[in-house]
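Mapping the sequence shown onto the UniProt record's numbering, position 3 (from 1) lands on 3, and the numbers just tick up by one. C-beta: ideal position from N, C-alpha, C; glycine also. Model, not experiment: these values are computed from the prediction. Here's the structure we're looking at; comments come further down.
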Amino acid sequence: MNENKKVLVAEDSSIIINLTKNVLMFEKYHITAVKNGQQVLDKLTHEDFDLILMDINMPVMDGIACTKAIRMLDDEKKSQVPIIAITGNYKNYTLDDFKKAGLNDYVQKPLDYDHLLATVKKHLS
Numbered sequence: 001m002n003e004n005k006k007v008l009v010a011e012d013s014s015i016i017i018n019l020t021k022n023v024l025m026f027e028k029y030h031i032t033a034v035k036n037g038q039q040v041l042d043k044l045t046h047e048d049f050d051l052i053l054m055d056i057n058m059p060v061m062d063g064i065a066c067t068k069a070i071r072m073l074d075d076e077k078k079s080q081v082p083i084i085a086i087t088g089n090y091k092n093y094t095l096d097d098f099k100k101a102g103l104n105d106y107v108q109k110p111l112d113y114d115h116l117l118a119t120v121k122k123h124l125s
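Put into structure tokens, the structure is as follows:
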């Protein structure tokens, strides 16, 4: 069941956060949302998540820098969490760039919520 799966959404757009929450909560995922990469790291010090949806362009600390920081954490459970990039300017990055940064996958904006959900499910199954 998805009920215990915890997804951290890192996204500075409230609109996208709300839409993403609606899609994922419909599937009974437990959603926590933050606005930047620093807040992701702060959350991870206190909580475990099953998956992170990571916007690449965020203030304070962007998604790439944040992902690299997560991959360097000592706690293996936290450092290995699947991270899916959410990106509006994916043309600036290749899948290889994302993989090098430690990202597992990506979905591009404007978000296709069926694709988003399928990608989340793929990494949580």
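Rounded to whole angstroms, the gap between the alpha carbons of K99 and Y113 is 22 Å. Counting along the chain, K21 sits inside the alpha helix (DSSP H) bounded by residues S14 to F26. Bounds of any alpha helix (DSSP H) do not take in K35, whose DSSP letter is neither H nor E. If you ignore the 5 residues before and after V107, its C-beta comes within less than 7 Å of the C-beta of I84, I86, H115, L116 and T119, all in its own chain and listed in chain order. For H30, the beta-bridge partners assigned by DSSP are K6. Rounded to the nearest whole angstrom, the CA to CA distance from E27 to D97 is 30 Å.
Between the segment 63–79 and the segment 41–54, the count of Cβ pairs shorter than 8 Å is three or higher; the stretches touch. Q38 is positioned such that its CB atom lies no closer than 7 Å to that of M58. For L51, the enclosing beta strand (DSSP E) stretches over residues L51 to D55.
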